[in-house]
Amino acid sequence: MFHFTDALSGLVADIALRVPALAHVRPERTLVFARRGRSGTEGPNATCHCLTLPTSEPGYYFWADEATGVITRRSPCFVTRSPRVVIRGTPVDYMISVTLPRFTDQVSRRKLERYPGLPPWVVRLDTVVHELYHIAPDGQGLRQLARADGTFDARTHPPQFFDDVRDLVLSYLATSPSDEMLEVVMHDFATLKARHEAVVGVTFREASYPQRYVEVVDDLPGAPGVLVEPFKEPPGRALFTEADLIVRDFSRAQPPVVPVRAA
Ligand SMILES: [Zn+2]
């Protein structure tokens, strides 16, 4: 059995240890989890989820009359918050999710062209380093790159981002990490399954994971006194713990959806 997310957490810790520019990554506060994602379909291979973004300023949505511009209805006043994730007493600042098997089966010629002479699996290492590079050096939010004039580039992925990631990948490989450490990125899903029979990983129960959520707050002074439409979605969750995590066998077919029979 290959424990994919444990192996990936080990790789994250090894990269943080060996690459000085990523020394601010705190493996004990970075949760790696897996999600299902089919190979060859649209969607992310991996994602960096930040849990340290500040609570938003309070506000509300509103509907206005098209002709007059007068506000006719509005939502309750709300803020958006990052949920807290606390695993066995340790707060988590960032989560890295990988979609399986899509992550292991990615083929990107464009990415590989950045690594002349290196084997195709380097694109998976590139993805891991890419997500770690999103972690801001001060641990607050996602990294913003400075432009030549010293101002911040508002784009999440300016071209410099990809060049920086390549340099970090090469500097990690230059430290000669072991094949054992690299196994999690060296093989596609079928190979991992053939070598270990099963590929398992930590995931959140009920396939939902911690995301920014809306919290209704007291009405702001000056909020228009019109009809208030309550939010339709159930309120998001504020706290997740190890009780929300399970280990799932990603090498087994997804259980079929059982239709609910009317009584
Ligand atoms: Zn990115």
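Numbering (this note's numbering), first residue to last: 293 to 555.
The beta carbon of each residue, even a glycine, is placed where N, CA and C say it ideally should be.
Checklist entry - Under a three-way DSSP split, which group does Thr448 fall into? => result Numbered from 1 along the sequence shown, position 156 holds the residue referred to as residue 448. Reduced to three states, the DSSP call for Thr448 is coil.
Item to check | Buried or exposed by the 16-neighbour rule on C-beta atoms within 10 Å, applied to Gln503 | outcome: Position 211 of the sequence shown, counting from 1, holds the residue named residue 503. Per the 10 Å Cβ criterion, exposed.
Checklist entry - Going by beta carbon distance, what residues of the same chain come within less than 6 Å of Asp541, once the five residues before and after it are set aside? => result Here residue 541 is taken as the residue at index 249 of the sequence shown, counted from 1. Correct list, in chain order: Ala490, Val492.
Checklist entry - In this structure, what does DSSP give as the bridge partners for Tyr386? => result The residue given as residue 386 occupies position 94 in the sequence shown. DSSP, once it has assigned bridges, lists Thr322, Cys342 as partnering Tyr386.
Next on the checklist: Between the alpha carbons of His422 and Tyr353, how many angstroms are there, rounded?
Outcome noted: For the purposes of this step, residue 422 is taken as residue 130 along the sequence shown, with counting starting at 1. For the purposes of this step, residue 353 is taken as residue 61 along the sequence shown, with counting starting at 1. Put simply, the backbone Cα of His422 is about 35 Å away from that of Tyr353.
Next on the checklist: Taking the alpha carbon of Pro346 as the reference point, which residue from Tyr505, Pro516, Phe296, Arg529 has its own alpha carbon closest?
Outcome noted: If you number the sequence shown from 1, residue 346 lands on position 54. Among Tyr505, Pro516, Phe296, Arg529, the Cα nearest to that of Pro346 belongs to Tyr505.
Next on the checklist: Using only the alpha-carbon positions, how far apart do Phe370 and Pro516 sit?
Outcome noted: Residue 370 sits at position 78 when you count from the first residue of the sequence shown. Residue 516 sits at position 224 when you count from the first residue of the sequence shown. Whole-angstrom Cα-Cα distance: 14 Å.
Item to check | Identity of the residues DSSP links to Trp355 by a beta bridge | outcome: Looking up residue 355 in the sequence shown gives position 63. BP columns for Trp355 point to Arg365.
Checklist entry - Is there contact between the region 378-393 and the region 416-431, where contact requires at least three CB pairs shorter than 8 Å? => result yes
Next on the checklist: Following a CB-centred definition, is His479 positioned closer than 8 Å to any heavy atom of ligand 1?
Outcome noted: Residue numbering aside, residue 479 sits at position 187 when the sequence shown is read from its first letter. No - ligand 1 has no heavy atom lying nearer than 8 Å to the Cβ of His479.
Next on the checklist: In the DSSP output, which residue or residues are listed as bridge partners for Asp418?
Outcome noted: Taking the first residue of the sequence shown as 1, we reach residue 418 at position 126. Bridge partners of Asp418: none, in fact.
Checklist entry - Taking 8 Å as the cut-off, is the CB of His426 close to at least one heavy atom of ligand 1? => result In the sequence shown, the residue the question calls residue 426 occupies position 134. Result yes, Cβ under 8 Å from ligand 1.
Item to check | Distance, His449 Cα to Leu417 Cα | outcome: Position 125 of the sequence shown, counted from the first residue, corresponds to residue 417. Position 157 of the sequence shown, counted from the first residue, corresponds to residue 449. So the two alpha carbons sit approximately 18 Å from each other.
Checklist entry - Touching or not, the region 301-315 and the region 455-471, by the rule of three or more beta carbon pairs under 8 Å? => result With three or more CB-CB distances shorter than 8 Å, the region 301-315 counts as touching the region 455-471.
Checklist entry - Does any heavy atom of ligand 1 sit closer than 8 Å to the C-beta of Cys342? => result For the purposes of this step, residue 342 is taken as residue 50 along the sequence shown, with counting starting at 1. Cys342 Cβ: outside cutoff for every heavy atom of ligand 1.
Item to check | Opening and closing residue of the alpha helix (DSSP H) in which Gly493 lies | outcome: Numbered from 1 along the sequence shown, position 201 holds the residue referred to as residue 493. Careful: Gly493 lies outside any alpha helix (DSSP H), inside the beta strand (DSSP E) at 491-496.
Item to check | C-alpha gap between Cys340 and Pro411, whole angstroms | outcome: In the sequence shown, the residue the question calls residue 340 occupies position 48. In the sequence shown, the residue the question calls residue 411 occupies position 119. Straight-line Cα distance between these residues: approximately 25 Å.
Item to check | Contact belief for Val477 with Ala326 at Cβ below 8 Å, rounded distance in angstroms | outcome: If you number the sequence shown from 1, residue 477 lands on position 185. If you number the sequence shown from 1, residue 326 lands on position 34. Rounded, the Cβ-Cβ distance is 14 Å, inconsistent with contact.
Checklist entry - Rounded to whole angstroms, how far is the Cβ of Pro350 from the Cβ of Val509, which I believe are closer than 8 Å? => result For this step, residue 350 is matched to residue 58 along the sequence shown. For this step, residue 509 is matched to residue 217 along the sequence shown. So it is a contact: roughly 5 Å between Cβ atoms.
Checklist entry - Out of curiosity, what's the CA-to-CA distance linking Arg394 and Asn337? => result Position 102 of the sequence shown, counted from the start, is the residue given in the question as residue 394. Position 45 of the sequence shown, counted from the start, is the residue given in the question as residue 337. Taking the straight line joining both Cα atoms gives about 6 Å.
Next on the checklist: Pairs of beta-carbons, one from the region 438-449 and one from the region 356-363, closer than 8 Å: are there three or more?
Outcome noted: no
Next on the checklist: In whole angstroms, give me the CA-to-CA distance for Leu484 and Phe294.
Outcome noted: In the sequence shown, the residue the question calls residue 484 occupies position 192. In the sequence shown, the residue the question calls residue 294 occupies position 2. Near 7 Å, if we compare the C-alpha coordinates of Phe294 and Leu484.
Item to check | Beta carbon of Glu525 nearer than 9 Å to that of Arg365 | outcome: Start at 1 with the first residue of the sequence shown, and residue 525 comes out as number 233. Start at 1 with the first residue of the sequence shown, and residue 365 comes out as number 73. No, these two residues do not count as a Cβ contact at 9 Å.
Next on the checklist: Pop quiz: Leu531 and Phe496 are said to be a contact at Cβ under 8 Å. What is the actual Cβ separation, rounded to whole angstroms?
Outcome noted: On the sequence shown, residue 531 is found 239 positions in, with the first residue counted as 1. On the sequence shown, residue 496 is found 204 positions in, with the first residue counted as 1. That pair is no contact at about 13 Å.
Checklist entry - Quick one: is the Cβ of Thr448 within less than 8 Å of any heavy atom of ligand 1? => result The residue you call residue 448 lines up with position 156 of the sequence shown. Yes, Cβ of Thr448 sits closer than 8 Å to a heavy atom of ligand 1.
Item to check | Extent of the continuous alpha helix (DSSP H) run through Ile307 | outcome: Start at 1 with the first residue of the sequence shown, and residue 307 comes out as number 15. Per DSSP, Ile307 belongs to the alpha helix (DSSP H) from 296-310.
Next on the checklist: Let's test the definition: count the other Cβ atoms within 10 Å of the Cβ of Gln432 and tell me whether it reaches 16, buried, or not, exposed.
Outcome noted: The sequence position of residue 432 within the sequence shown is 140, counting from 1. With fewer than 16 Cβ atoms within 10 Å of its Cβ, Gln432 is classed as exposed.
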